[in-house]
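Asker: Next up is a structure, given as structure tokens.
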Amino acid sequence: MNNTELQNSLLNKFKPVLETTSTRWYVTFAVLIVVFGWGIFGLIKQITGGHIVTGMRDNVVWGVYIVNFIFFMGLSYAGALVSGVLHLFNSEWRKPIIRMAELITVISLIIGPFYILFCIGRLDRLHFLFIHPRIQSPISWDVIGIVTDLFGCFLYLYLSFIEDFALLRDQKEIKLPNWRVKIYKWLALGYTGTPHQKKIIHSARTIMSAMIIAIAIIVYSVLAWIFGVTLQPGWDSTIFGPYFVIAAIFSGSGLMIILMYIFRRLYKLEEYITEKHFINMGVLLLVVAAFYGYFTFCDYLTKWYGSVKINSQLIDKLFAEFNFMFFFANYIGIILPIVIVGIRRFRTINNITMASVIAVIALWVNRYIIVIPTLETPFLPIQDSREAWVNYTATWVEWSLMAAGVAIFIIMFKLASKFLPIISISEMTNEDHRTLKILE
Amino acid sequence: MKIKRYIFLLFIIAAGSVILAQEATEEPEPIEPVMELLFLKDTDGKINLSASLVNYVNRQPVPLPGLEVAFYAGEDSLVSLGRVLTDNDGLATVVLDDIENLPSGPDGIRYFAEYEGNDDIWPAEYEVYIMDVNLDMKLELVDDVKSVTLRAWSIIDGEEVPVADEDIYVYVDRMFMDLPIGEDFLDENGEFTMEMPDDIPGDPEGNIEIIARFNEHYLFGTVENRQVMQWGVPTQYDTVAAQRTLWTQIAPIWMIVTLTILLTGVWSHYIYVVISLFRVKRLAKKEKMNNLV
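Respectively, the protein sequence lines represent chains A and B. Going by this note's numbering, 440 is the number at position 440 of the first sequence; the sequence numbering is gapless. Each position in the second sequence, counted from 1, maps to that position plus 440 in this note's numbering.
Next comes the structure, spelled out in structure tokens:
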């Protein structure tokens, strides 16, 4: 493959990252491994001691694990939607950031389902989901959806990597170990950049971007329906499907901005990931925040106005026991990003990133107040139950496994960015005259 | 300017910490429990004495489980009836088979319950005076009319004395609460007769449980008599198998069709893309061969 000037410049930029590993990289990696290891220790405690080591009991059977499952799956679908939409509409500014969206998609999709496994009491019966699936059950829809989505996302990610694999295989500037070159060679499928090959890859990527947008919407709606089709207070809602999808894009775009900020600083990519990218992503965050706020208001307004006793009890609980979380998730988490991005004066890279951090945390809290208070508000009064069985408090085991999930997310991102440039080099060099505009 | 701001911030944090620390070190006030004593005489003449211990938080009763309640009868010389721990509902119950030997005064028998208290919970006690009455219920068909006749009397100096002019209720036992079907005052003979409704759903055999009761009466407490009769409308509760259940053998056709279309659509595209990848590889091989030639 022939490298362009821009391509060579980018390869040079990533040369230190791909070629050598700094002490700081090893230190952070070691810290993350320790956090992950602590999570594994918690998991061993849970497997040997049973679910009694968690805060989940007969009444509140879902806890932080399910919250994390929804959260990570949301990040994944948001990554898929963002990268799919940007690719499909051929947005020029997407090029330096699209790989991050693709990596978010796949890594979150790998991590998310593990939380379901942590939640299941009888893992020895897990295979029943596959050998005795019941089509009528939303759980089966979810299993089918996640498997389909996982395969699709891997395929989409791989398609976007092929040209870079070929590029890294053929380059002579960076000294890479033989085994890595062999892997690049094997994964590049002999791609040499002929017009015919380019056409095939481009057409396949276009198909897959359309596919993963559709799948992301369907699969995240299915996840929402696991809640929405039950008659539980707070869950039985017709807008839960679109509400979950919007919330996912909200958290996903927030995470994208955070990763853009980190990698921009870490790899000194200021000339590639510019303020324009932050503002564009910030505007997306603003629009989605507005929609998300609107859905949240609609959902709670109808529940409150209906005055159904059980819904009123739930809303009272949200405004009493969960008032801080409710206020943070549904006021600060929505209004702050809108204000920061909406007012030109505040629209700086640091501020947008800070708003994104708050948005992501608020979304996690939002998931928490969707899952837990409902389970603490049963239809029939709970009799002969201990206080701890009715009210949920996560234990150190659950928090450890959550920290382990975050740690492994960062580890996988670190490893992925060591193996391949975090900016898709092939994307940046395909349409040179338009791509160069980004650098202007 | 900046330094001033930091000092102000530090002051706020320090003040907040002091307030929080004070709150954290304050000793909690002992709980002031509220006790109530409930009296129930059942069909077999057994007495159920239940003491409830609760703590009112925001005007809502919160049960106090695991506390020992002592039960007594009598005025000056107390007869111990037993000591029982409260359950999760804050209830402690003793069952008395026979009360003939308990000391009785002009107002009836004095029942007394006491919780002695501890460092965290204050003591509590409660007393009630209960006159012993008997309640009889006769269920019979009179000219095809289902008739319920109640008679209440007490024994005074070894003689039966009718309980007159007291309010009495008749219920039918239902799943969540008793269904009231009659209420009236007893006549001078201590009797009350009513006609039983014909349309009350019963079990598949038509059995219903009829309850006559003095309901938390100021003199007698709760006294009841329960009898099961085949006077209800036989009701089959097994519903026809619902169409939309998780335990049906097969999913609705529309669901299978939708899922099949969706999965076929998605996976056929996946297959197409995977074939495209093989095409890329094949093209590379072809190009290599051409270059060699």
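Glycine included, each C-beta is placed from N, C-alpha and C at the ideal position.
Check the Cβ of A:His196 against every Cβ in chain B and list those closer than 7 Å, keeping chain order.
Answerer: The residue given as residue 196 of chain A occupies position 196 in the first sequence. Near A:His196 (Cβ distances below 7 Å), the residues of chain B are Leu723.
Asker: Is the separation between the beta-carbon of B:Trp504 and that of B:Pro468 shorter than 8 Å?
Answerer: Start at 1 with the first residue of the second sequence, and residue 504 of chain B comes out as number 64. Start at 1 with the first residue of the second sequence, and residue 468 of chain B comes out as number 28. It is worth fixing the name first, because residue 504 of chain B is Leu in this sequence and not Trp. Taking 8 Å as the Cβ cut-off, B:Leu504 and B:Pro468 do not qualify as a contacting pair.
Asker: Just verifying my parser: in three-state terms, what is the DSSP assignment at B:Met617?
Answerer: Numbered from its first residue, the second sequence carries residue 617 of chain B at position 177. Coil, per DSSP.
Asker: Leaving out the 5 sequence neighbours to the left and right, which residues in its chain are closer than 7 Å to B:Gly705 when beta-carbon positions are compared?
Answerer: Residue numbering aside, residue 705 of chain B sits at position 265 when the second sequence is read from its first letter. Nothing meets the Cβ criterion.
Asker: Does any C-beta atom of chain B lie closer than 8 Å to the C-beta of A:Ile200?
Answerer: Residue mapping note: residue 200 of chain A aligns to position 200 of the first sequence, counting from 1. At least one chain B Cβ lies under 8 Å of A:Ile200.
Asker: Are A:Val82 and A:Ser253 touching if we call contact CB-CB under 8 Å?
Answerer: Within the first sequence, numbered from 1, the residue matching residue 82 of chain A stands at position 82. Within the first sequence, numbered from 1, the residue matching residue 253 of chain A stands at position 253. For A:Val82 and A:Ser253, yes; Cβs fall inside 8 Å.
Asker: Given 8 Å as the limit, is there contact between the region 549-562 of chain B and the region 581-598 of chain B, that is, 3 or more CB pairs closer than that?
Answerer: No, they do not touch.
Asker: Is the region 43-53 of chain A close to the region 172-182 of chain A, with three or more CB pairs under 8 Å?
Answerer: Touching, no.
Asker: Quick check on B:Ser520: buried or exposed, where buried means 16 or more other Cβ atoms within 10 Å of its Cβ?
Answerer: As a first step, residue 520 of chain B must be located in the second sequence, where it is residue number 80. Per the 10 Å Cβ criterion, exposed.
Asker: Taking the alpha carbon of B:Leu659 as the point to measure from, which residue in B:Ile452, B:Ser517, B:Ile549 has its own alpha carbon closest?
Answerer: As a working note, residue 659 of chain B is residue 219 in the second sequence. Closest by alpha carbon: B:Ile549.
Asker: Against chain A, does B:Ile748 count as a neighbour if the rule is that its beta carbon must be under 8 Å from one of theirs?
Answerer: No answer is possible for residue 748 of chain B: the residues shown for chain B start at 441 and end at 733.
Asker: Around the Cβ of B:Met729, are there at least 16 other Cβ atoms within 10 angstroms (buried) or fewer (exposed)?
Answerer: Residue mapping note: residue 729 of chain B aligns to position 289 of the second sequence, counting from 1. That one is exposed.
Asker: Quick check on the burial criterion: 16 or more other C-beta atoms within 10 angstroms. Buried or exposed for B:Val612?
Answerer: Counting from 1 along the second sequence, the entry for residue 612 of chain B is found at position 172. B:Val612 should be labelled buried.
Asker: Buried or exposed, going by whether 16 or more other CB atoms sit within 10 Å of the CB of B:Asn558?
Answerer: For the purposes of this step, residue 558 of chain B is identified with residue 118 of the second sequence, where counting begins at 1. Answer is exposed; the Cβ neighbour count stays below 16.
Asker: Quick check for students: name the residue ranges of the alpha helix (DSSP H) that lie wholly in the region 161-223 of chain A, counting only runs of 4 or more.
Answerer: The region 161-223 of chain A contains these whole alpha helix (DSSP H) runs: 178-187.
Asker: For A:Met73, which residues in chain D fall below 9 Å Cβ to Cβ?
Answerer: In the displayed structure, chain D is absent; the protein chains listed are A and B.
Asker: Can you pull the DSSP bridge partners for A:Lys414?
Answerer: Here residue 414 of chain A refers to the residue found at position 414 of the first sequence. Note: A:Lys414 sits in no beta bridge, so no partner.
Asker: What are the start and end residues of each continuous alpha helix (DSSP H) run of 4 or more residues lying completely inside the region 593-676 of chain B, in chain order?
Answerer: DSSP runs (the alpha helix (DSSP H)) wholly in the region 593-676 of chain B: none.
Asker: For B:His709, decide whether its Cβ has a neighbour in chain A, counting only Cβ atoms nearer than 8 Å.
Answerer: Taking the first residue of the second sequence as position 1, residue 709 of chain B is located at position 269. Yes, B:His709 counts as interfacial toward chain A.
Asker: For a contact meaning CB atoms closer than 7 Å, what does A:Phe151 contact in chain B?
Answerer: The sequence position of residue 151 of chain A within the first sequence is 151, counting from 1. Under the 7 Å cutoff, chain B gives Tyr710.
Asker: Pop quiz: A:Lys303 and A:Phe29 are said to be a contact at Cβ under 8 Å. What is the actual Cβ separation, rounded to whole angstroms?
Answerer: Counting from one through the first sequence, the residue named residue 303 of chain A turns up at place 303. Counting from one through the first sequence, the residue named residue 29 of chain A turns up at place 29. About 46 Å; that fails the 8 Å criterion.
Asker: For a minimum of 3 consecutive residues, which ranges assigned as the beta strand (DSSP E) are wholly contained in the region 525-575 of chain B?
Answerer: Entirely contained in the region 525-575 of chain B, the beta strand (DSSP E) runs reaching 3 residues are, in chain order, 531-536, 548-555, 564-570.
Asker: Is there a Cβ from chain A that is less than 8 Å from the Cβ of B:Ser716?
Answerer: As a first step, residue 716 of chain B is located in the second sequence; it is residue number 276 there, counting from the start. Judged by the 8 Å Cβ criterion, B:Ser716 is in contact with chain A.
Asker: Just the chain B side, please: which residues come within less than 7 Å of A:Leu88 by C-beta, in chain order?
Answerer: Along the first sequence, read from residue 1 onward, the residue named residue 88 of chain A stands at position 88. The premise fails here: A:Leu88 is roughly 14 Å from chain B at the closest Cβ pair, so nothing lies under 7 Å.
Asker: Checking contacts by CB at 8 Å: is B:Arg666 closer than that to chain A?
Answerer: For this step, residue 666 of chain B is matched to residue 226 along the second sequence. No, its Cβ sits nowhere closer than 8 Å to a Cβ of chain A.
Asker: Under 8 Å, Cβ to Cβ, is there at least one residue of chain B near A:Asn430?
Answerer: Your numbering for residue 430 of chain A matches position 430 in the first sequence. Below a pLDDT of 50, predicted positions are generally treated as unreliable, and A:Asn430, at 47, falls in that range; no measurement from the model is reported.
Asker: Please list the terminal residues of the continuous beta strand (DSSP E) segment that includes B:Leu478.
Answerer: For the purposes of this step, residue 478 of chain B is identified with residue 38 of the second sequence, where counting begins at 1. Counting along the chain, the beta strand (DSSP E) containing B:Leu478 begins and ends at 474-481.
Asker: So A:Val245 and A:Tyr220 are in contact, right, with Cβ under 8 Å, and what is the actual spacing, rounded?
Answerer: Within the first sequence, numbered from 1, the residue matching residue 245 of chain A stands at position 245. Within the first sequence, numbered from 1, the residue matching residue 220 of chain A stands at position 220. Right, their Cβ atoms sit about 5 Å apart.
Asker: Does DSSP put A:Met325 in a helix, in a strand, or in coil?
Answerer: Working through the first sequence from its first residue, we reach residue 325 of chain A at position 325. Residue state, collapsed to three classes: helix.
Asker: If we define contact as Cβ-Cβ less than 8 Å, is A:Leu436 a contact residue for chain B?
Answerer: Your numbering for residue 436 of chain A matches position 436 in the first sequence. Confidence at A:Leu436 is low in this model, with a pLDDT of 46, below 50, so the placement of that residue is unreliable and no value is reported for it.
Asker: Considering B:Tyr496, what are the terminal residues of the alpha helix (DSSP H) in which it resides?
Answerer: If you number the second sequence from 1, residue 496 of chain B lands on position 56. Unbroken run through B:Tyr496 is the beta strand (DSSP E), 487-497; no alpha helix (DSSP H).
Asker: Between A:Ile257, A:Phe151, A:Ile104, A:Ile162, which lies nearest to A:Ile200 when the distance is taken from Cα to Cα?
Answerer: Along the first sequence, one-based indexing puts residue 200 of chain A at 200. The shortest Cα separation from A:Ile200 among A:Ile257, A:Phe151, A:Ile104, A:Ile162 belongs to A:Ile162.
Asker: Determine whether the Cβ of B:Arg719 lies closer than 8 Å to any Cβ atom of chain A.
Answerer: On the second sequence, position 279 is the one that residue 719 of chain B refers to. With 8 Å as the cut-off, B:Arg719 counts as an interface residue toward chain A.
Asker: Quick check on the DSSP output: what are the complete beta strand (DSSP E) runs of length 3 or more inside the region 109-160 of chain A, in order along the chain?
Answerer: Counting whole runs of 3 or more residues, the region 109-160 of chain A contains no beta strand (DSSP E) stretch at all.
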